[in-house]
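Peer 1:
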Amino acid sequence: MPFFRRCRLINLLLVIAALIICAQRGVAQDKQDKGKQDKKDEMGTIRLDTDLVSVDVIVTDRDGNRSSALLKASDFAVYEDGVRQKISNFSATDVPFNLVLLLDTSGSTRDEVGLMRRAARRFLDELRPQDRIAVIQFNKQVEMLEDLTSDRAKIEEALQLLDAGSGTSFYDSLKLTIDEVFKKVEGRKAIVALTDGVDSFGYTTFDQILPALEQSNILTYFLELDTEEFTQAGMARDCSNDNHFEFSRKQLKKYIAEYGTDAVLSEHQPHCLLSRTERMQINRRLYESARRELREMANKTGGRVYPVKDTGQLEPAYSQIAAELRTQYSIAYYPTNEKHDGKWRALRVVVNRSGFGARTRPGYRAPLD
Numbered sequence: 196m197p198f199f200r201r202c203r204l205i206n207l208l209l210v211i212a213a214l215i216i217c218a219q220r221g222v223a224q225d226k227q228d229k230g231k232q233d234k235k236d237e238m239g240t241i242r243l244d245t246d247l248v249s250v251d252v253i254v255t256d257r258d259g260n261r262s263s264a265l266l267k268a269s270d271f272a273v274y275e276d277g278v279r280q281k282i283s284n285f286s287a288t289d290v291p292f293n294l295v296l297l298l299d300t301s302g303s304t305r306d307e308v309g310l311m312r313r314a315a316r317r318f319l320d321e322l323r324p325q326d327r328i329a330v331i332q333f334n335k336q337v338e339m340l341e342d343l344t345s346d347r348a349k350i351e352e353a354l355q356l357l358d359a360g361s362g363t364s365f366y367d368s369l370k371l372t373i374d375e376v377f378k379k380v381e382g383r384k385a386i387v388a389l390t391d392g393v394d395s396f397g398y399t400t401f402d403q404i405l406p407a408l409e410q411s412n413i414l415t416y417f418l419e420l421d422t423e424e425f426t427q428a429g430m431a432r433d434c435s436n437d438n439h440f441e442f443s444r445k446q447l448k449k450y451i452a453e454y455g456t457d458a459v460l461s462e463h464q465p466h467c468l469l470s471r472t473e474r475m476q477i478n479r480r481l482y483e484s485a486r487r488e489l490r491e492m493a494n495k496t497g498g499r500v501y502p503v504k505d506t507g508q509l510e511p512a513y514s515q516i517a518a519e520l521r522t523q524y525s526i527a528y529y530p531t532n533e534k535h536d537g538k539w540r541a542l543r544v545v546v547n548r549s550g551f552g553a554r555t556r557p558g559y560r561a562p563l564d
């Protein structure tokens, strides 16, 4: 074979060999990339923290009273929609908690601010030094007086700033707590709200705040003030009296949505065109709605409502809440149902020891993608 033809053949073979090597490297790289992807996919099955479901549990004895027994994770079983779940995290009762103190300083509580302040101080005395507290007051405006802190001096200063106003932006105060105060907070969380529950101003509605609470894993306790007679007297006054009360547009809109237009034709209905009987009816039904909504929020989050007929009952109610917070266990698990469908999931916690029971929230709402 002539020399130049042998050179061309050798060059061709070298090119083919180079192509084969490149192809093999490509296959190897594809396998490596696939392996990495498989590993990534495998790692993707590890749930994010947003999937972790936390459940606060109060252990009771046969009579339903709080128990001081010291239990371990193995003493509990958690069921979601009837399916037992594997407990991933467990905290005993000595773990600190984060608490937001919501104080209703609307016109109906104007004369009670001093008593509210003293009762709140007594409540703080029953909490542990490492527990963190935030203070928010709400009337027509919502004001954070102190963010979460364990510095009792700062909390005391915040309580000194309590000042009564008009109107009640109750649901806005709950939204601020969920979206801002507790947004990036881990561990046990609770809201203790002192209010009559009758929302009159702000942008947030009950239908918006309830699902937010259901997803938040925040215990809610309500000290329910009885201000209906006070408000009724103000609503009954003639409009020529400078001290008469009026319904807000938000309240009239809520009334129409729940009860129709039998007394109110529009949320823009002039208050003074309503008869005294119509005002009494609207006021009564708004309080009925508020009581029902407080109990639904407490039930859905595992908390309680403490009716307070007069401010002298505040301190005992606060004491009961503090005792309950001190005797809670925190259990967390990654649910076997991985769907992010926004549906309600029923929860049940069982204590695997004779003579003990568990009280917790009845369920939670799954995240929605």
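Following this note's numbering, the numbering of the sequence shown begins with 196 at its first residue and continues without gaps. From the three backbone atoms N, C-alpha and C, an ideal C-beta is built for every residue, glycine too. As the structure is a prediction and not an experimental result, all values here were calculated from the model.
Is the stretch 532 to 539 close to the stretch 477 to 484, with three or more CB pairs under 8 Å?
Peer 2: no
Peer 1: Would you mind reading off the limits of the beta strand (DSSP E) that contains residue 299?
Peer 2: Run containing residue 299: 292 to 299, per the beta strand (DSSP E) assignment.
Peer 1: Taking the alpha carbon of residue 388 as the point to measure from, which residue in 395, 513, 248, 255 has its own alpha carbon closest?
Peer 2: With distances taken between Cα atoms, residue 388 lies closest to 513.
Peer 1: Just list the residues that DSSP pairs residue 536 with in beta bridges.
Peer 2: 563
Peer 1: Beta-carbon within less than 7 Å of residue 434's beta-carbon, same chain only, minus the 5 sequence neighbours each way: which residues are those?
Peer 2: 467
Peer 1: Alpha carbon to alpha carbon, how far is residue 411 from residue 349?
Peer 2: Computed Cα separation, rounded: 26 Å.
Peer 1: Since residue 332 is in the beta strand (DSSP E), which residue starts that stretch and which ends it?
Peer 2: 327 to 333
Peer 1: How about the stretch 300 to 315 and the stretch 253 to 270: do they share at least three Cβ pairs that are nearer than 8 Å?
Peer 2: no
Peer 1: Alpha carbon to alpha carbon, how far is residue 380 from residue 345?
Peer 2: 14 Å
Peer 1: Buried or exposed: where does residue 398 fall if 16 or more other Cβ atoms within 10 Å of its Cβ makes it buried?
Peer 2: exposed
Peer 1: Quick check on the burial criterion: 16 or more other C-beta atoms within 10 angstroms. Buried or exposed for residue 485?
Peer 2: buried
Peer 1: Buried or exposed for residue 375, going by 16 or more other Cβ atoms inside 10 Å?
Peer 2: The residue is exposed, with fewer than 16 neighbouring Cβ atoms inside 10 Å.
Peer 1: Report the rounded CA-to-CA distance for residue 385 versus residue 416, giving the unit in angstroms.
Peer 2: 8 Å
Peer 1: Consult DSSP for residue 542 and reduce its assignment to one of helix, strand or coil.
Peer 2: Assignment of residue 542 by DSSP, reduced to helix, strand and coil, places it in the strand class.
Peer 1: Note down, one range per segment and in chain order, each alpha helix (DSSP H) of at least 4 residues found wholly within the stretch 317 to 393.
Peer 2: 347 to 355, 365 to 371
Peer 1: With distances taken Cα to Cα, identify the nearest neighbour of residue 503 among 286, 473, 311, 246.
Peer 2: 311
Peer 1: Which residues mark the beginning and the end of the alpha helix (DSSP H) in which residue 494 is found?
Peer 2: 471 to 496
Peer 1: Please classify residue 550 as buried or exposed, where buried requires at least 16 neighbouring CB atoms within 10 angstroms.
Peer 2: A residue is called buried when at least 16 other Cβ atoms come within 10 angstroms of its Cβ; residue 550 does not meet this threshold and is exposed.
Peer 1: When you compare only the Cα positions, how much space is there between residue 337 and residue 331?
Peer 2: Taking the straight line joining both Cα atoms gives about 7 Å.
Peer 1: Within the continuous beta strand (DSSP E) that includes residue 403, where are the two ends?
Peer 2: Note, residue 403: premise wrong, no beta strand (DSSP E); alpha helix (DSSP H) at 401 to 411.
Peer 1: From the DSSP output, which residues share a beta bridge with residue 558?
Peer 2: 541
Peer 1: Would you call the CB atoms of residue 262 and residue 383 closer than 8 Å?
Peer 2: Taking 8 Å as the Cβ cut-off, residue 262 and residue 383 do not qualify as a contacting pair.
Peer 1: Find the nearest neighbour of residue 511 within the set 280, 317, 362, judged by alpha-carbon distance.
Peer 2: 317
Peer 1: CA-CA distance, residue 292 and residue 327?
Peer 2: 7 Å
Peer 1: For residue 378, count the other beta carbons within 10 Å of its own beta carbon; 16 or more makes it buried, fewer makes it exposed. Which is it?
Peer 2: Around the Cβ of residue 378, a 10 Å sphere holds fewer than 16 other Cβ atoms; the residue is exposed.
Peer 1: To the nearest whole angstrom, what separates the beta carbons of residue 392 and residue 294, a pair I think is in contact under 8 Å?
Peer 2: Residue 392 to residue 294, Cβ: 19 Å. No contact.
Peer 1: Taking all protein chains shown into account, do 16 or more other C-beta atoms lie within 10 angstroms of the C-beta of residue 452, making it buried, or fewer, making it exposed?
Peer 2: exposed
Peer 1: Quick check: the Cα distance between residue 275 and residue 249, rounded to an integer number of angstroms?
Peer 2: Taking C-alpha positions only, residue 275 is separated from residue 249 by approximately 12 Å.
Peer 1: For the stretch 493 to 508 against the stretch 555 to 564, do three or more pairs of beta-carbon atoms, one drawn from each stretch, fall closer than 8 Å, so that the two count as touching?
Peer 2: yes
Peer 1: Name, in chain order, the residues that DSSP records as bridge partners for residue 513.
Peer 2: Paired residues: none, contrary to the question.
Peer 1: Over the uninterrupted beta strand (DSSP E) stretch that includes residue 424, give me the two end residues.
Peer 2: Counting along the chain, residue 424 falls outside any beta strand (DSSP E), though it belongs to the alpha helix (DSSP H) covering 423 to 431.
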